[in-house]
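Accompanying notes for the structure given below.
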Amino acid sequence: AQKITQTQPGMFVQEKEAVTLDCTYDTSDQSYGLFWYKQPSSGEMIFLIYQGSYDEQNATEGRYSLNFQKARKSANLVISASQLGDSAMYFCAMREGFYQKVTFGTGTKLQVIP
Amino acid sequence: SQTIHQWPATLVQPVGSPLSLECTVEGTSNPNLYWYRQAAGRGLQLLFYSVGIGQISSEVPQNLSASRPQDRQFILSSKKLLLSDSGFYLCAWSGRATGRREQFFGPGTRLTVL
Numbered sequence: 312a313q314k315i316t317q318t319q320p321g322m323f324v325q326e327k328e329a330v331t332l333d334c335t336y337d338t339s340d341q342s343y344g345l346f347w348y349k350q351p352s353s354g355e356m357i358f359l360i361y362q363g364s365y366d367e368q369n370a371t372e373g374r375y376s377l378n379f380q381k382a383r384k385s386a387n388l389v390i391s392a393s394q395l396g397d398s399a400m401y402f403c404a405m406r407e408g409f410y411q412k413v414t415f416g417t418g419t420k421l422q423v424i425p
Numbered sequence: 005s006q007t008i009h010q011w012p013a014t015l016v017q018p019v020g021s022p023l024s025l026e027c028t029v030e031g032t033s034n035p036n037l038y039w040y041r042q043a044a045g046r047g048l049q050l051l052f053y054s055v056g057i058g059q060i061s062s063e064v065p066q067n068l069s070a071s072r073p074q075d076r077q078f079i080l081s082s083k084k085l086l087l088s089d090s091g092f093y094l095c096a097w098s099g100r101a102t103g104r105r106e107q108f109f110g111p112g113t114r115l116t117v118l
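One line per chain: the protein sequences are Y and F, in this order.
Following my numbering, the numbering of the first sequence begins with 312 at its first residue and continues without gaps.
Following my numbering, the numbering of the second sequence begins with 5 at its first residue and continues without gaps.
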């Protein structure tokens with residue numbers, strides 16, 4: 312089974328609108344971490360936001376927020392007030408296990424339309 | 005502050021030739037180190053990770069190998085490259101302290117095997 316599932320290969324959003332990128336995960340660990348990264352066309356991987364499995368509140372970082380629904384094993388990224396510079400690939404990732412390995416999803420390509 | 009370096013930035017190699025990609029981290033000690041490969045338009049595949057000098061774990065059986073000769077140096081090698089080794093190679097590090105321990109990525113090496 313896939314550890315991280317991102318079901319949206321591509322998404323379009325109008326500039327200044329909000330967008331939600333979906334991510335579901337699969338783990339039997341009680342302690343794990345969830346991350347979102349942004350990869351522009353330049354290729355660099357940029358850390359956006361983190362949610363720990365024991366965190367009771369949803370994480371927020373500026374225009375990014377993580378909608379964490381533990382029972383459903385989902386960790387969706389919400390980007391508010393989209394900007395043209397938000398156009399990029401977005402990857403959901405999970406850290407788990409004794410050696411704290413990180414598994415990445417296949418990514419969602421977001422395109423912001425002017 | 006911590007920085008991570010990778011070189012070379014781009015590389016074009018013939019099939020059957022050797023490979024050596026280097027990654028170094030500055031500004032931290034005893035990091036966890038990772039090598040990922042990203043095929044064009046795809047997600048990240050974890051190749052190797054290391055929790056200390058000389059300690060390497062392989063995730064995918066292949067003709068690649070990794071070594072960690074120094075605490076902050078991680079090397080990806082191959083004796084004979086295959087066409088399927090083409091891709092974008094990313095090195096990453098994460099800290100050991102409790103907390104989110106997000107991974108920080110280097111700028112990547114774009115490898116083309118002809």
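Even glycine gets a Cβ: it sits at the ideal position worked out from N, Cα and C.
Quick caveat, the model's predicted, so the values are computed rather than measured.
| Query | Result |
| --- | --- |
| Output yes if chain Y places a C-beta closer than 7 Å to the C-beta of residue 58 of chain F; else output no. | no |
| Cutting at 7 Å between CB atoms, please list the residues of its own chain near residue 24 of chain F, excluding the five before and the five after it. | 79 and 81 |
| Below 8 Å on the Cβ atoms is my guess for residue 333 of chain Y versus residue 313 of chain Y; work out the distance and round it to an integer in Å. | Residue 333 of chain Y to residue 313 of chain Y, Cβ: 13 Å. No contact. |
| Short check: CB of residue 93 of chain F to CB of residue 46 of chain F, under 7 Å? | no |
| Between which two residues does the beta strand (DSSP E) holding residue 344 of chain Y run? | 344–350 |
| Taking the C-alpha atoms as reference points, what is the distance between residue 408 of chain Y and residue 85 of chain F? | 32 Å |
| Counting only Cβ pairs nearer than 7 Å, list the residues of chain Y close to residue 106 of chain F. | 346, 358 and 361 |
| If you reduce the DSSP assignment to three classes, tell me which class residue 396 of chain Y lands in. | helix |
| Anything in chain Y within Cβ reach of residue 92 of chain F, meaning under 7 Å, just list it in chain order. | 354 |
| So what does DSSP say about residue 88 of chain F, is it helix, strand or coil? | helix |
| As a quick exercise: from F/73, F/22, F/118 and F/109, pick the residue whose alpha carbon is nearest that of residue 48 of chain F. | F/109 |
| Just reading off the beta strand (DSSP E) that residue 73 of chain F is part of, what are its end residues? | 68–74 |
| Can you list, in chain order, the residues of its chain whose CB lies under 7 Å from that of residue 12 of chain F, leaving out five sequence neighbours each side? | 113 |
| Using a Cβ-Cβ cut-off of less than 8 Å, list which residues of the segment 368–400 of chain Y approach chain C; keep chain order. | This model lacks chain C altogether; the protein chains it does include are Y and F. |
| Quick one, which residues of the segment 37–56 of chain F are near chain Y if we go by CB-CB under 9 Å, in chain order? | 38, 40, 42, 45, 46, 47, 48, 49, 50, 53 and 55 |
| Quick one: grab the DSSP three-state call for residue 334 of chain Y. | coil |
| Taking 7 Å as the CB-CB cut-off, is residue 416 of chain Y touching chain F? | yes |
| Please confirm if residue 78 of chain F has its CB atom under 7 Å from at least one CB of chain Y. | no |
| Could you work out which residue in Y/384, Y/346 and Y/402 is closest to residue 420 of chain Y when comparing CA atoms only? | Y/402 |
| How should residue 349 of chain Y be labelled, buried or exposed, when 16 other C-beta atoms within 10 angstroms of its C-beta is the threshold for buried? | buried |
| If you reduce the DSSP assignment to three classes, tell me which class residue 405 of chain Y lands in. | strand |
| To which residues of the same chain is residue 317 of chain Y closer than 7 Å at the C-beta, ignoring the five residues directly before and after it? | 333, 334, 403, 416, 417, 418 and 419 |
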